[in-house]
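Below: one structure, written as structure tokens.
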Amino acid sequence: MATIAVIGTGYVGLTTGACFAHLGHDVICADIDEEKIARLKEGQIPIVEDGLDRVVAEALSAGKIRFVVGATNASEHAEFHYLCVPTPQGSDGRADLRFLEAAAAEIGPSLPANSVVVNKSTVPVGSTEVVAKHLDRPDVRVVSNPEFLREGTAVQDFLHPDRVVIGSSDQEAAIRVAALYSKVRAPIMVTDPVSAETIKYASNAFLATKLSFVNAIATLCEHVGADVNDVTLGMGYDTRIGKEFLKPGPGWGGSCFPKDVAALARIADDYDYDFALLREVLNVNEAQFQRTAQKVIDALGPDPSSKKVAAWGLTFKAGTDDLRESPAIEVLQRVSGSGAQVVAFDPAIPSEIPQLPLVTVESDPLVAAKNADVLVVLTEWPEFKFVDFDQLADQMRGRTVVDGRNLLDRSTLKRRNFEVIGIGR
Ligand code: UDX
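Following our numbering, the numbering of the sequence shown begins with 55 at its first residue and continues without gaps.
Structural data, given as structure tokens:
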């Protein structure tokens with residue numbers, strides 16, 4: 055078993071550290087945020103992530119994980135160093151490498167001889183070289199090991215991945231990183247660093263393309279009178295297409311897809327390749343936010359400023375409290391821009407959020423729906439399906455539901471005289 059330093063305790067770092075500890079390694083997680091580290095030492099998890107609290111608690115009581123302030127305090131004791139710092143989108147669409155470069159420069163001088171630094175953050179193609187330069191340690195190898203963790207199922211995804219990708223120009227370093235996953239049953243693919251980095255971007259961009267395609271098909275279904283649920287069911291039986299990532303929605307979002315698609319398009323620009331397909335994938339997504347908002351505004355009828363909208367769901371998808379690049383926020387900004395009053399409910403969001411200054415947040419879906427003219431569903435939280443629809447009908451002033459996730463049972467709603475406007479059906 056190895057000693058692993060994990061630099062950065064966000065979604066990726068905390069999941070990576072906790073799961074490596076679960077696999078039996080000795081893990082030291084570092085962050086610059088002193089308060090966060092103090093809470094993690096007590097087993098308090100700062101994010102909503104299924105199963106993560108249990109894995110951290112087990113690792114803490116087994117003495118397999120430690121939390122420290124400052125990257126050097128972790129790295130000076132470890133053989134492997136996972137860089138899990140944020141790589142936000144810069145103003146020009148490129149990933150901003152400031153945090154990555156700073157972390158590399160900080161740990162470089164204190165790394166034990168012959169240790170391996172691993173890029174887990176999503177980084178532009180060629181970043182292993184950038185990290186190596188900032189480490190300034192010729193004896194230390196830099197390996198790319200991209201993450202494919204979905205929020206909400208990150209622990210499962212780490213322990214039962216579809217594949218592990220390792221990019222290294224040094225065979226021995228690649229084998230040492232592969233050995234960290236010896237208890238994980240998944241194909242381990244070793245390639246060069248640039249290919250590993252491209253695999254990560256290409257995978258996310260492909261999935262985003264699939265979603266924009268499905269959302270465009272949903273629009274077409276509305277025009278021709280087809281039902282997108284049946285269309286995607288029929289498509290998904292084809293194993294070349296697959297059943298996953300075929301659900302239309304109000305647009306896609308989250309901390310990865312929007313930034314990774316934009317970054318890949320910028321990478322192509324840098325090499326004078328116009329990746330027009332990806333730009334269109336982003337355009338279709340913007341149009342989907344607008345189309346969904348317009349459905350709500352149209353349902354309000356004349357004088358939206360005298361009307362009320364109830365919104366169920368604020369997070370970018372169910373199973374997380376993450377609001378980053380949330381399609382729900384995109385849609386609600388447009389709806390409240392029409393002048394309508396908006397009252398929202400989300401099981402993971404207890405109070406008002408700065409991105410939506412005009413939107414009130416309630417702690418109960420039926421309270422949010424009180425006197426609403428239109429209800430819009432924006433996140434696919436399963437609990438929305440089990441709300442008492444008799445009470446919903448009593449609470450609301452109007453009888454229109456814009457179901458942005460095709461989540462609610464139509465016949466249940468129709469029996470209570472609701473008009474249901476879905477996506478692509
Ligand atoms: C994604 C990738 O899946 C993961 O591999 C990568 O490492 C990080 O980015 P995540 O951002 O957690 O994970 O969300 P994901 O489950 O992929 O969903 C992204 C967006 O697509 C969400 O807004 C979601 O609601 C939407 N989506 C997903 C759909 O609209 N329909 C679908 O069928 C699936």
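Each residue gets a CB set at the ideal place from its N, CA and C atoms; glycine is no exception.
Same chain, Cβ closer than 6 angstroms to Y255, five either side skipped, listed in chain order: By one-based count along the sequence shown, residue 255 stands at place 201. So the qualifying residues of the chain are D314 and L318.
Where in the segment 282-340 do unbroken runs of the alpha helix (DSSP H), each at least 4 residues long, occur, reported from the N-terminal end onward? 282-290 and 311-324
Measuring CB atoms only, is the segment 389-405 touching the segment 357-374, in the sense that at least three cross pairs come out at less than 8 angstroms? yes
Relative to the C-alpha of F329, which residue among T433, F260 and S360 is closest? By 1-based counting over the sequence shown, the position of residue 329 is 275. The residue with the shortest Cα to Cα distance from F329 is F260.
So is E437 buried or exposed if we call it buried at 16+ other beta carbons inside 10 Å? Walking along the sequence shown from the start, residue 437 turns up at place 383. E437 should be labelled exposed.
Please state if the CB of F443 and the CB of E384 are separated by a distance shorter than 7 angstroms. The residue given as residue 384 occupies position 330 in the sequence shown. The residue given as residue 443 occupies position 389 in the sequence shown. Their beta carbons are not under 7 angstroms apart, which means E384 does not touch F443 by this criterion.
Is K362 helix, strand or coil by DSSP? Counting from one through the sequence shown, the residue named residue 362 turns up at place 308. DSSP places K362 in strand when its eight states are reduced to three.
Which residues DSSP lists as bridging S198, in chain order: Position 144 of the sequence shown, counted from the start, is the residue given in the question as residue 198. Per DSSP, N173 and G221.
By Cβ distance below 6 angstroms, which residues in the same chain neighbour G373 in space, the five residues on each side in sequence not counted? The residue labelled residue 373 in the question sits at position 319 within the sequence shown. Result list for G373: G206, in chain order.
Within the same chain, show all residues whose beta-carbon is closer than 7 angstroms to that of K90, passing over the 5 residues directly before and after it, in chain order. In the sequence shown, counting from the first residue as 1, residue 90 sits at position 36. Cβ within range, chain order: T63 and P100.
Measuring alpha carbon to alpha carbon, tell me which residue in K187, D150, G162 and E251 is nearest F202. Mapped onto the sequence shown, residue 202 falls at position 148. Here the closest residue by C-alpha is E251.
Go through the segment 119-168 residue by residue and report every complete run of the alpha helix (DSSP H) that reaches 4 residues or more, in order. 125-129 and 152-161
Could you give the DSSP three-state label for Q395: helix, strand or coil? Here residue 395 corresponds to residue number 341 of the sequence shown, with the count starting at 1. Three-state result, Q395: strand.
Is L234 helix, strand or coil when you go by DSSP? As a position in the sequence shown, residue 234 is number 180, starting the count at 1. Reduced to three states, the DSSP call for L234 is helix.
Nonlocal neighbours in the same chain, by C-beta distance under 8 angstroms from I271, ignoring five residues either side: On the sequence shown, position 217 is the one that residue 271 refers to. Only V282, V285, T286, P302 and G478 meet the Cβ criterion.
Mind checking which residues open and close the beta strand (DSSP E) that includes L429? Within the sequence shown, numbered from 1, the residue matching residue 429 stands at position 375. V428 to V431 is the span of the beta strand (DSSP E), which, as asked, contains L429.
What does a CB cutoff of less than 7 angstroms around L446 pick up in its chain, not counting 5 residues either side in sequence? Here residue 446 corresponds to residue number 392 of the sequence shown, with the count starting at 1. Answer for L446: L420 and A423, listed in chain order.
Just the C-alpha distance for P312 and S257, rounded to the nearest angstrom, thanks. Working through the sequence shown from its first residue, we reach residue 312 at position 258. Working through the sequence shown from its first residue, we reach residue 257 at position 203. Rounded to the nearest angstrom, the two C-alpha atoms are 13 angstroms apart.
Three-state secondary structure (DSSP) of E112: Numbered from its first residue, the sequence shown carries residue 112 at position 58. In the structure shown, E112 sits in a helix (DSSP, three-state: H, G or I).
Express the C-alpha separation of G71 and L137 in angstroms, rounding to a whole number. Your numbering for residue 137 matches position 83 in the sequence shown. Your numbering for residue 71 matches position 17 in the sequence shown. Cα-Cα distance, rounded: 11 angstroms.
Whole-angstrom C-beta distance between L462 and P304, which should lie under 8 angstroms: Residue numbering aside, residue 304 sits at position 250 when the sequence shown is read from its first letter. Residue numbering aside, residue 462 sits at position 408 when the sequence shown is read from its first letter. The pair is not a contact, with the Cβ atoms about 14 angstroms apart (cut-off 8 angstroms).
Simplified DSSP assignment, three categories, for A59: For the purposes of this step, residue 59 is taken as residue 5 along the sequence shown, with counting starting at 1. Strand.
Could you check what DSSP says for T2 in three-state terms: helix, strand or coil? In the structure displayed, the chain extends from 55 to 479; residue 2 sits before or after that span and is not available.
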